[in-house]
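Below you'll find the structure, written out as structure tokens, and then a few comments.
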Amino acid sequence: MDFLLQQTVNGIVLGSVYALYASGFGLVMANLRIFHVAHAAVFTWGAIFAWELTSRLGWSLLVALPVVAVLAGLLNVLAYFLLIRRVLHRRGGEMAAFISSMGGLIVLVELAHHHLDGAVVRMNADAFTSAPLSIGPVRITTLHLIMVCLVLVIVAVTSWLLARTELGREIRTVAFDKDTAAILGVNVDRVSAGVFFASGAMAGVAASFVAIAFNVIDAGLGSTYLVIALGAMVVGGFGSVGGMLVGGLVIGIASTYATGYLSSTYRDLVVFVLMLLFLALRPEGLFRTRAELTRV
Amino acid sequence: MPTSDPVLSLEDVSISYGHVSAVTDVTLTLYAGETLALIGPNGAGKSTLLRGITNQARKGNGKIRFGGRDIYSTPTHRITRAGIVHVPEGRQVVAPLTVRENLQLAAHAAGRCPRREIEASIDRVHGLFPPLARLRNTPSGLLSGGEQQMVAIGRALMARPAVLLLDEPSMGLAPVMVEVIYEFLGEHRDALGGAAVLLAEQSQIALRVADRAAVLSRGRLGFVGPSSQMDESLIAEAYLGTGRTAGVPETA
Amino acid sequence: MTEFFSIFGAYDFVIRDGIVLSLVALSLYVVLSAGIFAVPQVGLMAVGAYVSAVLSVDAGAPFVVSLIGGTLASGFVALLLAGLLHRLNGIYLAIASIAFAEIVRVAVLNLPLTGGAQGKVGIPRTTTDLVICIVVVVAVAGLIALKRSRFGLAISAMREDSLMASHQGIDVVRYRTALFALSGILAGAAGALHVHMSGFVEPGQFSFELLTQLLAIVVIGGTVFVTGSLVGALVIIGLPVALTGLASYEALVNGVLIVLIVAFAPSGILGSLRSWWPVRSSPSPPDSADETSAERVLPLVRDDGPAGDTVLEVRDVVMSFGGLRALDAVSVEARSGEVLGIIGPNGSGKTTLLNVLSGVYRPESGTGTLLEHDFSELWGHPHVTAQSGLARTFQNIRLMDEETVSTNVRLGIARRPGVDVHERTRNLLTENRLDWAADIPVGSLPYGVRRRVEIARALAREPRVLLLDEPTAGMNPTERQDVFDTISDIRSRGVAVIVVEHDVAMMRSFCDRLVVLDFGRKIAEGKPDNVLDSKEVIRAYIGSGSLA
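Sequences listed follow chains A, B and C, in order.
The numbers in the first sequence follow this note's numbering, run straight up by one, and end at 296.
The numbers in the second sequence follow this note's numbering, run straight up by one, and end at 548.
The numbers in the third sequence follow this note's numbering, run straight up by one, and end at 1096.
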């Protein structure tokens, strides 16, 4: 029983990071109907930014985090302007945007590869001193606790932003119908860029956590977690940030159980089979969203 | 109250979809404060013309001036912010947003209503269309056609238009609802300030509230003149008969 | 002598790899060129490779058996995948297929049979250069032949406009399944060939990176020509060779190429070359005055003789969209040799009714028959309706703009034994006064001619029932007259014609019967003069001055 509890908590920690990464993808997907694979490269670069700031410049993690978020956000906005904007309005624009984004992914990953000289780097351990905690039978570290809390805060803030602010209304309107948004006076281009910024910032934060918690950064980081993030989106559904949180947690817990009860080699298999099942049987995810967002 | 101040002028505007010529050489002037009814059968090009004004349709040659400025290639959202507000065919309320959110969005996005006056404006919309007060927190996608039309017009009011383009507001509505809309356009006209209204309709009901009227048939403008001069036979000819294509010069 | 690539010296490995890679790229090409966004090919290649390896190493099978076994296994898995994912499209399909590829990779990584992370070694290297070349040549030739056949035409139609394609009798689901299987066979063959070329197989070969390479090949080569994949592979393989100093930058260049090509040359290298080819100037249509002779009097077209049998009928059709009743207990029947007009104000449900009649929509309630078929079997399956003797045109003309007039018309011909497609196409073009335009891409023709092409395509089916959705929208009077003349011709052949139109004046003088819809209900039906003189109809159209 204790083992189950420990695994569940581990799963929640892991899952919350997956959820954050997935939310970035899902935000763009829900708003612009495109699969922006290059997001995975923004994730990778987020980790690199975190590494540069903490290991080379000696900043502490908590100070670096917002800067990493902004840098990653800006990188994603750049990706929007260079890769997506131009091709989206064409017929078959979704496929074109996907392929263009794929090209961008390749370029960014290669640049990361060169920047790191093909090496695998590690975060400076001083960036964050993590103390072990015990809550009942469960062992956890302060880092993990902060990760989960921060993710919950980000998800809550994003939901609040979408539901209660003017910007959120504009984003929801653009997602509903671009023409209607324009006719109301909304600058669709600017809103889309904003969505890309937010999505990139999320990726940056998630990547920083992954970097420090799993202590390995290489050029393929984003791609490694890409399919898992997809799993979170598919299980949770694209339409709501809360849904993706649940999706991330489900995937996180499932993969942790798989590692704990079977072996780590089955971890990915479990995730992928789960994903395939959902896609075949319930493609809209656990949280059914508006019909427009689940065009299957 | 109609004036003789031109606020929006179209000169030789032509719009096509690919090879199809939807609107041909339309020249029309809209004066501040007036209500101009644009009547025409389906497929005549009314919606296309309105969409051309807000730059949502690709235009051929021609000029469009608003308050003296050339707005021919201005992006749609800037045209709205400049004061030309378009209520499209089918209303297009933002379904997932509540009634209140739709109104708030319209006010903020168009940027013509000062922040501190937004609540008061919302109250005024509720006053003009009482059912909306009750529905303020209902997602607008769940409303009936008539209620959605009220939201759409309420939205337009929040944007404080100088020119209001109304595309077939009565389409698909039950007679009772149409009555409500036209009561607004008639008796409560002053709620729109000095705005000019270009009202596109299929049916001659628009004549009830219009100062001037124009007939659009197969993309070309026919009769343009005081609505009192428009009679049923003119319209019936355009719809069910062979319709005049030669334009009568605009009369003031 | 079989290792003739050795003449390239140290590059022979690279070339062999490249050719096998182009085979996998072709497997990606066959689905992408149909507009199907599925990318499981890396996984399918892995299936082919591993099955072949296992057959060879563990079962001692000879080369041919191992090759065929791998190929068929992969094809079979592809069929299963098609069934599993048949409801998915677009992004979801892409995600699902990537997930499948990863599942395969993780499976072979873990199963003892497949040797885990080490994979399998010791596979007899029996693939010769000759075999590789033969396979690729056969594959390319086969695909080109397929592309030129009706199958290929159907695929293009599916990619361009799957709704229109279903109305040409194309069962989109079945074609999709077939393409998945084909993709599996090509990828599997490539996998099997490769393991017998290199002598080993391991999971790391089937990574996400391989998929990006494949995509680069297809994007660079373009999907217009089958040989595009070969060109693409040449570029991808050739680049690192050409840039030997910058070898480590090859992936970077791939990525940049992809972005640039998608942005500026979406049809790839070959496609762009084709569009720069000097275009033959199109002859202009013969002067319309020659065709519609001046003596032809306006609508002498109403035939007051008795109409024939009822060929289509629907009763009490109800159709709602999100709470709104688009059709409210509408009943309609069409008789052979008769033109039935459907008119009504905007939003009255005319197009919805046509969509029910052609099988696109399944109504909530209602019954009907089309010739001998019960509509309940046809609703939701427009391709079956099309195969049962019904043809239609669409409000926004749906043609394949890049293809010639004769190709577009040919699409409508139902494939039956004993039908000479070429001759029939020629006859149709002549009958519809389109022979001058036979080889001109439809997209560059005037609107009136395009509509004629669409009607010719509909007639190619030899339909008993023809539905026309606003055929004269946007036309000038001469073009309009032309269309109505064509319709009267069709009527005289005994076809039942249903026309939806706005030009009520013309409908009055032209249709044998009229049905008037308003708010989804049928408010009048009968001879045009009677119907159009009724007060209720007039009011529905032009409204009343007051709301009495």
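Built from N, CA and C at the ideal position, the CB exists for glycine as well.
Identify the contact partners of residue i in chain A, using a Cβ-Cβ distance below 8 Å as the criterion.
i        : result
Arg412/B : Correct list: empty, because the minimum Cβ distance to chain A is about 15 Å.
Glu650/C : Val227, Asp268 and Phe272
Ala406/B : Leu184 and Gly185
Taking C-beta pairs closer than 7 Å, name the residues in chain C that residue i reaches, listed in chain order.
i        : result
Tyr18/A  : Residues of chain C passing the Cβ test: none, with the nearest at roughly 15 Å.
Ile99/A  : Leu763, Val767, Ile806 and Val810
Gln444/B : Going along chain C, no residue has its Cβ under 7 Å from Gln444/B, so there is no contact; the nearest lies around 11 Å.
Leu14/A  : Neighbours of Leu14/A on chain C: none; closest Cβ ~18 Å, over 7 Å.
Pro337/B : His1050
In the DSSP assignment, the beta strand (DSSP E) including residue i goes from what residue to what residue?
i         : result
His382/B  : Ile380 to Val383
Pro522/B  : Arg516 to Pro522
Ile890/C  : Val887 to Ile891
Ser913/C  : Ser913 to Leu918
Gly104/A  : First-last for Gly104/A: Gly93 to His115, but that is the alpha helix (DSSP H), not the beta strand (DSSP E).
Gly1074/C : Arg1069 to Gly1074
Ile1046/C : Ala1044 to Val1048
I believe residue i touches residue j by the beta-carbon criterion, under 8 Å. Please report the beta-carbon distance rounded to the nearest angstrom.
i         : j        : result
Val235/A  : Gly222/A : Not really, about 20 Å apart at Cβ, beyond 8 Å.
Ala1004/C : Val957/C : 5 Å
Ala201/A  : Thr44/A  : Between Thr44/A and Ala201/A the Cβ distance is about 15 Å, and since that is not below 8 Å, they are no contact.
Leu641/C  : Leu629/C : About 10 Å; that fails the 8 Å criterion.
Leu741/C  : Thr675/C : 5 Å
Ala229/A  : Tyr18/A  : 6 Å
Val174/A  : Ser192/A : 7 Å
Leu20/A   : Ala206/A : 4 Å
Met275/A  : Ala647/C : 5 Å
Output needed for residue i: all residues of its chain with C-beta closer than 6 Å, excluding positions within five of it in sequence on either side, in chain order.
i         : result
Gly1093/C : Because Gly1093/C carries a pLDDT of 43, less than 50, the predicted location of this residue cannot be relied on, and no value is offered for it.
Ile311/B  : Ala318, Val319, Thr344, Gly348, Ala353 and Lys355
Ser841/C  : Note that Ser841/C has pLDDT 38, beneath the 50 cutoff, so the model's placement of it is unreliable and the number below is only indicative. Answer for Ser841/C: no residue qualifies.
Lys1083/C : none
Any idea which residues DSSP pairs residue i with across the strands?
i         : result
Ser879/C  : Its beta-bridge partners do not exist; DSSP assigns none.
Asp560/C  : DSSP output for Asp560/C lists no bridge partner at all.
Met867/C  : Leu875/C
Val309/B  : Val322/B
Phe362/B  : Leu304/B and Arg365/B
Ile335/B  : Glu497/B and Val511/B
Arg139/A  : Ser134/A
Thr394/B  : Pro435/B
Val1063/C : Ile890/C and Glu1073/C
For residue i, collect the residues of the same chain with a Cβ closer than 8 Å to its Cβ; drop the 5 residues on either side in sequence, then sort them by chain order.
i        : result
Thr376/B : Thr350, His382, Ala405, Ala406 and Ala455
Glu528/B : Gln500
Ala131/A : Thr141 and Thr142
CB-CB under 7 Å to residue i, same chain, minus the five flanking residues each way: which ones, in chain order?
i        : result
Ser55/A  : Met123 and Asn124
Thr434/B : Thr394 and Val395
Gly623/C : Ala729, Gly732, Ile733 and Gly736
Val216/A : Val120 and Arg122
Leu53/A  : Trp59, Ala64, Val67 and Val68
Val845/C : Any reading at Val845/C must be qualified, since the residue scores a pLDDT of 32, below 50, and its modelled position is unreliable; the value itself is stated next. Hits under 7 Å: none found.
Between which two residues does the alpha helix (DSSP H) containing residue i stretch?
i         : result
Ile1097/C : Examination of residue 1097/C is not possible in this model, given that chain C is present from 549 through 1096 alone.
Arg972/C  : Val969 to Glu979
Ala64/A   : Leu61 to Ala79
Val250/A  : Val241 to Tyr257
Ala300/A  : Because chain A is modelled from 1 through 296, residue 300/A falls outside the range shown and cannot be assessed.
Ala455/B  : From DSSP, Ala455/B is part of no alpha helix (DSSP H); its letter is neither H nor E.
Val686/C  : Asp677 to Arg696
Closer than 9 Å by beta-carbon distance: list the chain A residues that pair up with residue i, in chain order.
i        : result
Thr350/B : Ala182 and Ile183
Can you name the residues of chain B whose CB is closer than 7 Å to the CB of residue i?
i        : result
Phe176/A : Val390, Ala391 and Pro392
Asp179/A : Gln352
Who are the neighbours of residue i on chain B, taking C-beta pairs under 9 Å?
i        : result
Val195/A : Under the 9 Å cutoff, chain B gives no residues; its nearest Cβ is about 16 Å from Val195/A.
Starting from residue i, find everything on chain A with Cβ-Cβ shorter than 7 Å and list it in chain order.
i        : result
Ala402/B : Leu184
Arg377/B : Gly185
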